[in-house]
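Residue numbers (UniProt numbering): 1 to 227.
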């Protein structure tokens, strides 16, 4: 029955031959075969071939599904900014609802990215990343002054609007991924508008004590969040 349903795939015989021996292809074939060992092996190879082609196509188009797991994968984000070469890298993509962020930091202390300050840090919407008790944290915060302080939105009467935050600590620093609504309607969050230029500030410190001032790096850039 299964062969009759998938009969058109048998025309792929010559293409399958080209992929025979490819480790990923053979893994897919073996996985399918272990599920139902009495099915025809030729059919399994056609199915595995099509899955492989679809996966390669998605990767080439940059449409790998976003997953918050602390691992930045090729094609997961559409844009990458080296804010500080080999020290602080921002990956992002946006859709009609969310902005998705991946941040790589080669640093043992806190790192921060702020959106749309007015002067210095004043009224910046800040994502503050730090390690606390061995766990990676992302704090939705807001700077009330030119030089701070940057308290959490919750402390100021707003809400924590950082969603699905996950990260990994490694030998050189950490990686964190999260998403946020483009417009949370929270007065302590700055809306992200596709194609509209905004100021982005960033900083890094040696300490994970977020009350201590940045003493490694700070900077400012202008950017437009694009697809």
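Quick reminder that beta carbons are idealized off the backbone N, C-alpha and C, glycines included.
For residue 65, which of 88, 83, 95, 90 has the nearest alpha-carbon?
95
If we ignore side chains and look at the alpha-carbon of each, how far apart do residue 91 and residue 78 end up?
8 angstroms
For residue 171, which option in 209, 109, 116, 126 has the closest C-alpha, if you only look at C-alpha atoms?
109
Which partner residues does residue 150 have in the DSSP bridge list?
143
With 16 as the cutoff for other CB atoms within 10 Å, does residue 149 come out buried or exposed?
exposed
When the distance is taken between beta carbons, is residue 113 closer than 8 angstroms to residue 127?
yes
By DSSP, does residue 303 sit in helix, in strand, or in coil?
This structure does not reach residue 303, given that the chain is present from 1 up to 227, and the question cannot be answered.
Segment limits, beta strand (DSSP E) that includes residue 204
197-204
Would you call the CB atoms of residue 181 and residue 161 closer than 8 angstroms?
yes
Just verifying my parser: in three-state terms, what is the DSSP assignment at residue 101?
strand
In three-state terms, what does DSSP make of residue 54?
Legend: pLDDT at residue 54 = 49, less than 50; position of this residue unreliable, value from coordinates given subsequently. DSSP places residue 54 in helix when its eight states are reduced to three.
Spatially closest choice to residue 84 from 224, 146, 202, 193, by CA coordinates:
202
DSSP bridge partner residues for residue 112 (one or two, in chain order):
128, 203
For the beta strand (DSSP E) that contains residue 223, what are its first and last residues?
217-224
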